[in-house]
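Data first, discussion second: the structure below is written as structure tokens.
Protein chains: 2
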Amino acid sequence: MNTPQGARARARTEITAAIKDEARRQLAAEGAAKLSLRAVARALGMVSSALYRYFPSRDDLLTALIIDAYDSLGAAAEEAHEAVADEIPAVRWTAVCVAVRGWALAHPHEYALIYGSPVPGYVAPQTTVPAAARVGLLLIGVVRDAHERGALTPPPLPGELRAEAERMTADFAPGMPPEAAAPLVAAWAQLYGLVGFELFGQFHRVVEDREPFFRDAVARLGRSIGLRD
Amino acid sequence: MNTPQGARARARTEITAAIKDEARRQLAAEGAAKLSLRAVARALGMVSSALYRYFPSRDDLLTALIIDAYDSLGAAAEEAHEAVADEIPAVRWTAVCVAVRGWALAHPHEYALIYGSPVPGYVAPQTTVPAAARVGLLLIGVVRDAHERGALTPPPLPGELRAEAERMTADFAPGMPPEAAAPLVAAWAQLYGLVGFELFGQFHRVVEDREPFFRDAVARLGRSIGLRD
DNA sequence: ACACAAATGAGAGCACTGCTCTTGCCATGG
DNA sequence: CCATGGCAAGAGCAGTGCTCTCATTTGTGT
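So the protein sequences, as listed, match chains V and R.
If you read the first sequence in the working numbering, its first letter stands for residue 1, the second for the next number, and so on.
If you read the second sequence in the working numbering, its first letter stands for residue 1001, the second for the next number, and so on.
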């Protein structure tokens, strides 16, 4: 790991980081669409073509920012979860959801980058998957733990969904009852519906007092999976 | 109304429509980000500056497309609702949700335009509001009707949300019990979470058999508001 | 019927974008 | 100590949204 890199390699990693930092700054200020390679280069006192030594294209820069955003969101969620690790599952569930919302409100453009409409023509490379999965895995962990403690009463599983549910649990959530799979995945998606609507202005003049509204909705989401409170 | 417009006015409305048509075509093909005024003008055999006689800016063209998209989605939902107008509310609820999903899958870029991340810097003008409200009003109607038939058992309303819920019902859903307001608005947002996740690829390798999964989630959503089936 | 005004289209041009290619420098590894 | 390869710089291409000017067409009031 910590191989003493030559001055050259060190400079490279430093400049790469500086580019990402400046890009993130512009992303936060103006949004992904207005992120301009030339502007980043200008802010860093280099010429635009030099930037291509570090990121072969604008999309690659965006991909790096996407991974960072997923990781930042995942870290925020994990941190919030650890702070309430001793509480009952329903409380931990809410804490994670609230952390996701909090991160989204604090980083709207980065949230839009990862959970808004994908930049057209852009396909997320496989590299983003592990970072993207962190919040999902955290929620799975809460539900599995609830199951192990006997604090989970999942709703009945429609026969139609049995095979799918068993595949899902086998793939991503071994040890979790298949009855919880579909409600959990749905709740996961619905969580982002709630956050996205608030963030993108759909609640304007509809929901005013948003935090309690969100907590109520999220608690219902937990109950729909079978988390008891 | 039907004032016999002069050749000039007629030409204007025709050309305006032609511009929107071509723009919609490019939107469907490539997405909003790649919608280019110059390309639209080129396809129509006019020069780019001429297009500005009809739409003062690219944003105005997009706004027109957004309103059309909201209307198209609203019409699809209303049509689906009318086809099952005699069924019980739970069935009508599901029908509307399924229609929303169907429209989204058929018009992914238009869906992304209205429910994805807003084009940065772009603020939806007030003109879009009535078109945007159609689906919401339809869902409100289903729930209110369920209430009037005695087929609605909304969950208890947390005291914290009482005032907000009463304001919401007074503003948008007179005649609906306030207990249903928060769950309904949440379900509305969550519906778009489900659709968005499917559309934007988050269910890739997670949910395979998506229609039954969606129906199950949507039925749970209806039950969370208190619709009995 | 005619003149004036408004609407429209064409073209050039500005400032910007992502990206490529060539050129020359200079630090590093053999 | 020298050759190589990483690097920055600059010019340039094709495209973008948008503005401005100029000529032409069209509609209308006298």
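Even for Gly, the Cβ is constructed at its ideal location relative to N, Cα and C.
These numbers were taken from a predicted model, which means no experiment stands behind them.
Exercise. Can you find a C-beta in chain V that's less than 8 Å from the C-beta of residue 1197 of chain R?
Worked result: Against the second sequence, residue 1197 of chain R aligns to sequence position 197. With 8 Å as the cut-off, residue 1197 of chain R counts as an interface residue toward chain V.
For this session: Determine the burial state of residue 1216 of chain R: buried for a count of at least 16 other Cβ atoms within 10 Å of its Cβ, exposed for fewer.
Result: Here residue 1216 of chain R corresponds to residue number 216 of the second sequence, with the count starting at 1. Residue 1216 of chain R is buried by the Cβ-count criterion.
For this session: Any chance you could list the beta strand (DSSP E) runs of at least 3 consecutive residues sitting entirely within the region 1040 to 1116 of chain R, in chain order?
Result: none
Problem set entry | Endpoints, the alpha helix (DSSP H) within which residue 1187 of chain R is located | Here the question's residue 1187 of chain R lines up with position 187 in the second sequence. Here the alpha helix (DSSP H) through residue 1187 of chain R covers 1181 to 1199.
Problem set entry | Cβ contact (3+ pairs, closer than 8 Å) linking the region 68 to 83 of chain V and the region 100 to 110 of chain V | yes
Exercise. Run through DSSP, which three-state label would residue 1221 of chain R get?
Worked result: By one-based count along the second sequence, residue 1221 of chain R stands at place 221. Residue state, collapsed to three classes: helix.
Exercise. Under a CB-based cut-off of 8 Å, is residue 1078 of chain R close to chain V?
Worked result: Looking up residue 1078 of chain R in the second sequence gives position 78. So, not an interface residue.
For this session: Identify whether residue 161 of chain V lies in helix, strand or coil by the three-state DSSP scheme.
Result: For the purposes of this step, residue 161 of chain V is taken as the residue at position 161 of the first sequence. Residue 161 of chain V: helix per DSSP, three-state reduction.
Exercise. Among R/1179, R/1032, R/1044 and R/1173, which one has its Cα closest to the Cα of residue 1117 of chain R?
Worked result: Position 117 of the second sequence holds residue 1117 of chain R. Here the closest residue by C-alpha is R/1032.
Exercise. Can you tell me the Cα-Cα spacing of residue 1145 of chain R and residue 1046 of chain R, whole angstroms?
Worked result: Here the question's residue 1145 of chain R lines up with position 145 in the second sequence. Here the question's residue 1046 of chain R lines up with position 46 in the second sequence. Roughly 52 Å separates the two Cα atoms.
Problem set entry | Residues of its chain near residue 23 of chain V, where Cβ-Cβ distance is below 7 Å and the 5 sequence neighbours each way are ignored | Reading the first sequence from its first residue, position 23 is the one you call residue 23 of chain V. Within the same chain, residue 23 of chain V has close Cβ partners 35, 40, 61 and 65.
For this session: Go to residue 1013 of chain R, then tell me how far its alpha helix (DSSP H) extends in each direction, as first and last residue.
Result: Working through the second sequence from its first residue, we reach residue 1013 of chain R at position 13. From DSSP, the alpha helix (DSSP H) with residue 1013 of chain R extends over 1007 to 1030.
Exercise. Taking C-alpha atoms, which residue in R/1131, R/1163 and R/1176 lies nearest to residue 1152 of chain R?
Worked result: Residue 1152 of chain R sits at position 152 when you count from the first residue of the second sequence. Residue 1152 of chain R has its Cα closest to that of R/1176, out of R/1131, R/1163 and R/1176.
Exercise. Which class does residue 1035 of chain R belong to by DSSP, given the choice of helix, strand or coil?
Worked result: Position 35 of the second sequence, counted from the start, is the residue given in the question as residue 1035 of chain R. In this structure, residue 1035 of chain R counts as coil in the three-state DSSP scheme.
For this session: Starting from the C-beta of residue 1069 of chain R, find all residues in its chain whose C-beta is less than 8 Å away, skip the five residues before and the five after it, and write them out in chain order.
Result: On the second sequence, residue 1069 of chain R is found 69 positions in, with the first residue counted as 1. Hits under 8 Å: 1107, 1110, 1111, 1113 and 1114.
Exercise. Apart from the five residues just before and just after residue 1166 of chain R, which ones in its own chain have a Cβ nearer than 7 Å to its Cβ?
Worked result: For the purposes of this step, residue 1166 of chain R is identified with residue 166 of the second sequence, where counting begins at 1. These residues qualify, in order along the chain: 1178.
Problem set entry | Contact with chain R by residue 161 of chain V, beta-carbon distance below 8 Å | Reading the first sequence from its first residue, position 161 is the one you call residue 161 of chain V. Closer than 8 Å: yes.
Exercise. If we count Cβ pairs, one from each stretch, closer than 8 Å, do we get three or more for the region 52 to 61 of chain V versus the region 78 to 98 of chain V?
Worked result: no
Exercise. Going by DSSP, which residues form a beta bridge with residue 1227 of chain R?
Worked result: By 1-based counting over the second sequence, the position of residue 1227 of chain R is 227. Under DSSP, residue 1227 of chain R shares a beta bridge with R/1152.
For this session: Measure the CB-CB distance between residue 1081 of chain R and residue 1138 of chain R and report whether it falls below 8 Å.
Result: As a first step, residue 1081 of chain R must be located in the second sequence, where it is residue number 81. As a first step, residue 1138 of chain R must be located in the second sequence, where it is residue number 138. Closer than 8 Å, so yes.
For this session: Tell me, to the nearest whole angstrom, how far the beta carbon of residue 276 of chain V is from that of residue 150 of chain V; I am working on the premise that it is less than 8 Å.
Result: Residue numbering for chain V in the displayed model covers 1 to 229; residue 276 of chain V lies beyond these limits and cannot be assessed.
Exercise. When burial is assigned at 16 or more other CB atoms within 10 Å of the CB, is residue 121 of chain V buried or exposed?
Worked result: One-based indexing of the first sequence puts residue 121 of chain V at position 121. The predicted model places residue 121 of chain V with a pLDDT of 48, which falls under 50 and marks its position as unreliable, so this point remains unresolved.
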